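Participant: One structure, pasted below without further comment.
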Amino acid sequence: MGPVELLHMSVFSQSFSPCGRFLAAGNNYGQIALFSLSAALSPDATTRSQKPVLTFTAHDGPVFSLVSADGRLLSAGNGEVSAWSWSDLIKKNVRALWTRRPKYKSSLEIPEINSMVLQPRDNSLVIGGGDNNVHILDLEHGVFKSVLQGHSDYVHCVSVRDRESEILSGGEDGAVRINSRLCKVFCARPQYGKWISCLTTDSDWMLCGGGPSLSLWHLRSLSPTSTFPLTGCQRQAAFHQDMILAVGDGASVSHCLLAGEVKAQIPCSPQSLNTLQLNTNSSEHQVLTVGGSSSHIDVFTNLSYRAFSLSF
Amino acid sequence: TEKKTTLDQALRGVLGDQIVSTLLTAIILTPFILLGRTTLTRLSTCADLLRRLSKSQNTVFCGRIQLFLARLFPLSEKSGLNLQSQFNLENITVFNKNEQESTFGQKPAEEKEDGMEVEEGEMGEDDNPAPCSIPIDYNLYRKFWTLQDYFRNPVQCYDKFSWMTFLKFSDETLAVFKSYKLDDMQASKRKLEELRASGGEHVYFAKFLTSEKLMDLQLSDSNFRRHILLQYLILFQYLKGQVKFKSSSCLLNDDQTTWIEETTKLVYQLLKEIPPDGDKFGTMLEHILNTEENWNTWKNEGCPSFVKESDELTRLWNLNQDNMEACRSESREFMPSLDEFFAEAIEQADPANMVEAEYKVVRNPNYGWRALRLLSRRSPHFFQPTNQKFKSLADYLDSMVSKLAKELPDIPSEEIKTGEEDDDDNGDNLLKDSNDSDKIVTNQQMDDIAAKLGAQWKTLASHLEMKAAELREIETDSEDVEMQAKLLLVAWQDREGSQATVENLVTALTAAGFSELADNLNEA
Chain P
1 MGPVELLHMS VFSQSFSPCG RFLAAGNNYG QIALFSLSAA LSPDATTRSQ KPVLTFTAHD
61 GPVFSLVSAD GRLLSAGNGE VSAWSWSDLI KKNVRALWTR RPKYKSSLEI PEINSMVLQP
121 RDNSLVIGGG DNNVHILDLE HGVFKSVLQG HSDYVHCVSV RDRESEILSG GEDGAVRINS
181 RLCKVFCARP QYGKWISCLT TDSDWMLCGG GPSLSLWHLR SLSPTSTFPL TGCQRQAAFH
241 QDMILAVGDG ASVSHCLLAG EVKAQIPCSP QSLNTLQLNT NSSEHQVLTV GGSSSHIDVF
301 TNLSYRAFSL SF
Chain C
1 TEKKTTLDQA LRGVLGDQIV STLLTAIILT PFILLGRTTL TRLSTCADLL RRLSKSQNTV
61 FCGRIQLFLA RLFPLSEKSG LNLQSQFNLE NITVFNKNEQ ESTFGQKPAE EKEDGMEVEE
121 GEMGEDDNPA PCSIPIDYNL YRKFWTLQDY FRNPVQCYDK FSWMTFLKFS DETLAVFKSY
181 KLDDMQASKR KLEELRASGG EHVYFAKFLT SEKLMDLQLS DSNFRRHILL QYLILFQYLK
241 GQVKFKSSSC LLNDDQTTWI EETTKLVYQL LKEIPPDGDK FGTMLEHILN TEENWNTWKN
301 EGCPSFVKES DELTRLWNLN QDNMEACRSE SREFMPSLDE FFAEAIEQAD PANMVEAEYK
361 VVRNPNYGWR ALRLLSRRSP HFFQPTNQKF KSLADYLDSM VSKLAKELPD IPSEEIKTGE
421 EDDDDNGDNL LKDSNDSDKI VTNQQMDDIA AKLGAQWKTL ASHLEMKAAE LREIETDSED
481 VEMQAKLLLV AWQDREGSQA TVENLVTALT AAGFSELADN LNEA
């Protein structure tokens with residue numbers, strides 16, 4: 001990996017191992033890197049500990065999405081989903097367990113997969129892709145169960161409400177669909193466009209944003225409760241305790257209060273951020289990691305300041 | 001044993017307080033010169049006490065002893081001053097530098113270092129050390145506490161390599177402070193209320209608690225931040241300042257100076273952002289540090305005494321011990337004599353000099369006031385009663401001036417207005433019998449008036465201040481109105497005696513409305 005490639009690298013996805021000691025990150029070159037959090041967080045960590053323990057090429061195209069389930073790491077790239085075993089990867093054994101491809105209408109053009117999310121209730125993987133559809137893959141049998149249609153443009157992000165078995169998808173067409181039923185289109189900021197690039201749910205609440213401002217919605221009544229005055233488009237948001245963390249344009253992680261106030265904006269090293277992950281799998285490695293338009297991944301031990309960075 | 005230690009400390013505390021307060025009272029009441037040998041004894045007692053006590057455990061007591069020592073010496077006593085600007089190099093901050101020292105999983109056999117906070121739960125209660133439950137940023141932890149060594153011994157900053165380290169670590173630490181803003185006002189307000197309600201004592205730690213696990217909490221504490229930022233400011237003041245005892249190699253180059261200035265600005269900005277009342281705190285700090293400059297200058301000058309001695313002041317003071325006596329001395333007699341003061345006025349009064357009225361000095365109110373005061377001190381004329389009514393101070397002074405002119409030998413005083421002489425004589429009437437027939441109303445005049453008055457004599461009576469009883473007497477005495485008028489005038493003359501003057505009668509007549517009679521009388 002030459003210096004020029006490093007300069008142009010973007011990190012699109014992250015996922016923590018089930019034990020919580022490792023972080024997998026996918027970049028625009030189709031690579032996945034494995035970082036050892038326990039090494040990086042230990043008292044005698046050096047700069048070497050901040051480098052990956054393993055890097056391998058997973059796909060031809062950028063790895064837009066990574067999901068961990070059942071001891072397996074699922075990665076999406078160039079229209080296909082691959083599964084890897086975490087224990088194998090930790091032992092530096094690179095071997096894909098399987099690779100699947102949803103049925104696309106045309107076989108000429110292969111749409112990318114933008115987002116994946118696990119639906120634990122029926123052990124299925126929800127995939128949102130460039131073909132404007134949401135595909136559902138049954139993980140047990142390895143078969144694509146169904147397709148949700150309805151978006152008129154590609155699907156950016158998907159999320160699930162497990163209790164209600166609802167799948168939410170947000171797309172370039174500016175719509176959020178619940179189980180492919182259309183919801184309202186809203187909170188527009190015309191100067192940025194209408195696309196929805198980030199979607200996340202927490203039982204009855206939904207955060208969505210992108211072109212429009214990041215806003216918090218109450219799902220039962222399908223009405224917005226608060227809008228967050230963040231400049232730039234948000235690409236990923238998460239609920240954390242009684243706060244909302246959001247990343248997007250701008251070199252900072254925004255901490256927002258549920259009422260709509262921006263509490264703090266913590267500076268980071270990448271100029272803009274694509275992915276934000278909280279490690280809930282291990283309490284001693286409970287860190288926040290963010291990655292974006294740089295080969296560095298910022299690690300926060302304390303949410304209010306950047307502790308150090310991992311780098312490809 | 002814990003209980004014993006607590007009791008012991010409590011006892012020491014009470015004893016300590018009592019000892020110190022007794023000594024202090026004794027010292028305050030005794031003038032310093034008399035202390036002599038007893039001072040030495042007390043000094044050695046204090047020094048002994050300080051040696052035996054632990055500064056971190058008996059902080060308050062040690063502090064009181066030191067305050068007591070400070071009171072003992074006068075300010076300029078050199079043995080009480082840190083003349084060479086030395087630092088307390090023994091104040092070392094300990095922290096975990098590597099994994100072996102980590103408090104996680106420490107076995108009980110290992111010694112506990114002073115100032116380290118160790119959780120009791122982890123000391124030998126398990127065989128397997130409990131893993132840490134939160135991620136620690138060791139990088140920041142180490143860099144942060146290394147900074148304390150620079151604050152302990154600032155002279156290190158002048159060394160190039162140490163300075164680079166200090167720079168790097170400081171930049172990182174201050175960047176964290178900048179990124180991690182303390183703004184949870186709702187929560188901190190509640191806490192403050194709780195503290196105040198519980199009568200919370202001010203919490204004081206003699207040394208920093210440097211456990212890794214506390215780092216996060218410390219970073220979110222306003223007071224802790226203020227401590228660290230203040231340390232920076234004090235350090236910068238020392239590095240930039242002129243101190244006599246710094247060696248000549250202790251100089252900052254331009255880069256260093258620039259960095260210090262920029263960082264000082266950043267530090268003040270961070271201070272102002274710390275709630276509560278960050279602004280006020282920052283301004284107050286700035287002020288205090290400026291005051292420190294004065295003390296620094298004082299030390300550079302060799303700690304001169306604050307008691308000023310001046311020859312000139314001593315001479316002035318010794319001129320006369322008793323202020324009242326001094327005021328009474330002859331040389332302080334500034335009042336002029338009458339002839340000195342009035343010479344000019346007398347000359348102006350002389351008609352031969354043809355001084356116009358408006359230019360006369362007696363018209364000057366300032367002069368007039370001084371003239372009155374002088375007259376009251378030096379001239380008997382001031383106290384002579386006179387019937388003459390003066391329209392203004394100037395007129396009064398004119399009359400006084402003419403009187404003085406006659407008396408004072410040096411000044412020519414011949415041709416003064418005669419009207420004043422009449423007044424003069426009038427004023428002297430009380431002192432000598434007045435035989436001047438011009439003044440007293442004659443029988444003939446009274447007859448004339450009585451004839452003209454006739455029945456109207458009663459009108460005149462009220463203006464002559466005759467009593468009703470007298471009027472009734474006059475009426476019974478005679479039936480002839482002319483006779484009654486004559487009787488009235490006679491009664492008036494009897495009563496007035498030497499005051500039965502033409503002028504008085506003229507006044508009364510005019511007032512009663514007999515202006516023609518008054519004029520006739522006047523012309524006579």
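Note that the protein sequences, when read in sequence, are chains P and C.
Sequential numbering from 1 applies to the first sequence in full-length UniProt numbering.
Sequential numbering from 1 applies to the second sequence in full-length UniProt numbering.
Note that the Cβ used here is the ideal one computed from N, Cα and C, for glycine as well.
Note that this is a predicted model, so its numbers are computed, not measured.
Hey, how far is the Cα of P/D173 from the Cα of P/D298?
Facilitator: Counting from 1 along the first sequence, the entry for residue 173 of chain P is found at position 173. Counting from 1 along the first sequence, the entry for residue 298 of chain P is found at position 298. Distance between the alpha carbons of P/D173 and P/D298 is about 32 Å.
Participant: Take every Cβ of the segment 110–122 of chain P, pair it with every Cβ of the segment 31–44 of chain P, and state whether three or more of those distances are shorter than 8 Å.
Facilitator: no
Participant: Indicate whether at least one CB of chain C lies closer than 8 Å to the CB of P/R306.
Facilitator: Here residue 306 of chain P refers to the residue found at position 306 when the first sequence is read from its first residue. Closer than 8 Å to some Cβ of chain C, the Cβ of P/R306 qualifies, so yes.
Participant: To which residues of the same chain is P/R121 closer than 7 Å at the C-beta, ignoring the five residues directly before and after it?
Facilitator: As a working mapping, residue 121 of chain P is identified with position 121 in the first sequence. So the list reads D162 and S165, once near-sequence residues are dropped.
Participant: With contact counted as at least three CB pairs below 8 Å, one residue from each stretch, are the segment 472–480 of chain C and the segment 502–519 of chain C in contact?
Facilitator: Between the segment 472–480 of chain C and the segment 502–519 of chain C, the count of Cβ pairs shorter than 8 Å is below three; the stretches do not touch.
Participant: So what's P/S10 in DSSP terms, helix, strand or just coil?
Facilitator: Reading the first sequence from its first residue, position 10 is the one you call residue 10 of chain P. Here P/S10 sits in coil by DSSP.
Participant: Please compile the residues from chain C whose C-beta is within a distance smaller than 7 Å of the C-beta of residue 314 of chain P.
Facilitator: A query on residue 314 of chain P cannot be resolved here, the shown segment of chain P reaching from 1 to 312 and no further.
Participant: For C/M164, report the span of its alpha helix (DSSP H) as first-last.
Facilitator: Indexing the second sequence from 1 puts residue 164 of chain C at position 164. Going by DSSP, C/M164 is part of the alpha helix (DSSP H) stretching over K160 to S179.
Participant: Kindly list, in the order they appear in chain C, the residues whose Cβ is closer than 8 Å to that of P/A45.
Facilitator: Start at 1 with the first residue of the first sequence, and residue 45 of chain P comes out as number 45. Those are Y138 and N139, listed as they occur along chain C.
Participant: Hey, quick one: how far does the alpha helix (DSSP H) through C/D311 stretch, first residue to last?
Facilitator: On the second sequence, position 311 is the one that residue 311 of chain C refers to. Counted as a single uninterrupted DSSP element, the alpha helix (DSSP H) harbouring C/D311 occupies residues D311 to L319.
Participant: Could you say which of C/F61, C/R370, C/T146 and C/R52 lies nearest to C/T210 if we only look at CA atoms?
Facilitator: Taking the second sequence and counting its residues from 1, one reaches residue 210 of chain C at position 210. Closest option to C/T210, Cα to Cα, is C/T146.
Participant: Using only alpha-carbon positions, find the residue among C/Q348, C/M215, C/L83 and C/E340 that is nearest to C/F177.
Facilitator: Residue 177 of chain C sits at position 177 when you count from the first residue of the second sequence. Checked all of C/Q348, C/M215, C/L83 and C/E340; the closest Cα to C/F177 is C/M215.
Participant: Counting only the same chain and skipping the five closest in sequence on each side, list residues whose C-beta sits under 6 Å from that of P/V53.
Facilitator: In the first sequence, the residue the question calls residue 53 of chain P occupies position 53. If we look at P/V53 and ignore the five residues flanking it on each side, its Cβ neighbours are L34 and S36.
Participant: Beta-carbon within less than 8 Å of C/A511's beta-carbon, same chain only, minus the 5 sequence neighbours each way: which residues are those?
Facilitator: Here the question's residue 511 of chain C lines up with position 511 in the second sequence. Only H463 meet the Cβ criterion.
Participant: Taking just the CA atoms, how far does C/F334 sit from C/R328?
Facilitator: Taking the second sequence and counting its residues from 1, one reaches residue 328 of chain C at position 328. Taking the second sequence and counting its residues from 1, one reaches residue 334 of chain C at position 334. The alpha-carbon atoms of C/R328 and C/F334 are separated by roughly 11 Å.
Participant: Please check if any C-beta of chain P sits within less than 8 Å of the C-beta of C/L219.
Facilitator: Here residue 219 of chain C is taken as the residue at index 219 of the second sequence, counted from 1. True, the Cβ-Cβ gap to chain P drops below 8 Å.
Participant: Do we get a CB-CB distance below 8 Å when we pair P/L23 with the residues of chain C?
Facilitator: Taking the first sequence and counting its residues from 1, one reaches residue 23 of chain P at position 23. False, the Cβ-Cβ gap to chain C never drops below 8 Å.
Participant: Checking 8 Å against the spacing of the C-beta atoms, do C/L338 and C/L453 come in under that value?
Facilitator: Here residue 338 of chain C refers to the residue found at position 338 of the second sequence. Here residue 453 of chain C refers to the residue found at position 453 of the second sequence. No, these two residues do not count as a Cβ contact at 8 Å.
Participant: With 16 as the cutoff for other CB atoms within 10 Å, does C/E325 come out buried or exposed?
Facilitator: Reading the second sequence from its first residue, position 325 is the one you call residue 325 of chain C. Classification for C/E325: exposed.
Participant: Is P/N28 helix, strand or coil by DSSP?
Facilitator: On the first sequence, residue 28 of chain P is found 28 positions in, with the first residue counted as 1. Looking at P/N28 - three-state DSSP - the assignment turns out to be coil, as it is neither helix nor strand.
Participant: Report the residues of the segment 277–293 of chain P with a CB closer than 8 Å to any CB of chain C, ordered along the chain.
Facilitator: S283, E284, H285, Q286 and V287
Participant: If you drop the 5 nearest sequence neighbours on each side, which residues of the same chain put their C-beta closer than 7 Å to that of P/S304?
Facilitator: Locating residue 304 of chain P in the first sequence gives position 304, where the first residue counts as 1. Here the set comprises A264 and I266.
Participant: I'd like to know whether the C-beta of P/L41 is nearer than 8 Å to at least one C-beta of chain C.
Facilitator: Residue mapping note: residue 41 of chain P aligns to position 41 of the first sequence, counting from 1. Chain C, which has a Cβ nearer than 8 Å to the Cβ of P/L41, makes this yes.
Participant: Would the beta-carbon of P/F12 fall within 8 Å of that of P/F64?
Facilitator: Numbered from its first residue, the first sequence carries residue 12 of chain P at position 12. Numbered from its first residue, the first sequence carries residue 64 of chain P at position 64. Yes, the Cβ-Cβ distance between P/F12 and P/F64 is below 8 Å.
Participant: With DSSP collapsed to three states, give me the class of C/A206.
Facilitator: Position 206 of the second sequence, counting from 1, holds the residue named residue 206 of chain C. Looking at C/A206 - three-state DSSP - the assignment turns out to be coil, as it is neither helix nor strand.
Participant: With three or more C-beta pairs closer than 8 Å as the rule, is the segment 363–370 of chain C touching the segment 292–306 of chain C?
Facilitator: no
Participant: Quick check: what's the CA-CA separation for C/E77 versus C/I288?
Facilitator: On the second sequence, residue 77 of chain C is found 77 positions in, with the first residue counted as 1. On the second sequence, residue 288 of chain C is found 288 positions in, with the first residue counted as 1. If I take the Cα positions, the gap works out to 24 Å.
Participant: Helix, strand or coil: how does DSSP classify P/Y154 here?
Facilitator: The residue labelled residue 154 of chain P in the question sits at position 154 within the first sequence. Coil at P/Y154, not helix or strand.
Participant: What residues in its chain sit with their C-beta under 7 Å from that of C/E273, if we drop five residues either side in the sequence?
Facilitator: By one-based count along the second sequence, residue 273 of chain C stands at place 273. Once the five neighbours on either side are set aside, the close Cβ partners of C/E273 are K181.
Participant: Take every Cβ of the segment 284–301 of chain P, pair it with every Cβ of the segment 153–168 of chain C, and state whether three or more of those distances are shorter than 8 Å.
Facilitator: no
Participant: Taking P/N179 as the query, report the chain C residues whose CB atoms sit under 7 Å from its CB, ordered along the chain.
Facilitator: Along the first sequence, one-based indexing puts residue 179 of chain P at 179. Going along chain C, no residue has its Cβ under 7 Å from P/N179, so there is no contact; the nearest lies around 39 Å.
Participant: In chain P, what lies closer than 7 Å to C/D216 by C-beta?
Facilitator: Walking along the second sequence from the start, residue 216 of chain C turns up at place 216. Within 7 Å Cβ-Cβ: N302.
Participant: Against chain P, does C/V94 count as a neighbour if the rule is that its beta carbon must be under 8 Å from one of theirs?
Facilitator: The residue given as residue 94 of chain C occupies position 94 in the second sequence. No, C/V94 lies away from the interface with chain P (no Cβ there is under 8 Å from its Cβ).
Participant: Give a yes or no on whether the minimum CB-CB distance between C/I134 and chain P is below 8 Å.
Facilitator: Along the second sequence, read from residue 1 onward, the residue named residue 134 of chain C stands at position 134. With 8 Å as the cut-off, C/I134 counts as an interface residue toward chain P.
Participant: List the residues of chain P that C/V176 touches, going by C-beta distances under 7 Å, in chain order.
Facilitator: As a working mapping, residue 176 of chain C is identified with position 176 in the second sequence. Correct list: Y305.
Participant: Kindly indicate which residue of C/Q237, C/Y268, C/K486 and C/A206 has the alpha-carbon position closest to the one of C/L229.
Facilitator: Position 229 of the second sequence, counted from the first residue, corresponds to residue 229 of chain C. For the residues C/Q237, C/Y268, C/K486 and C/A206, the minimum Cα distance to C/L229 belongs to C/Y268.
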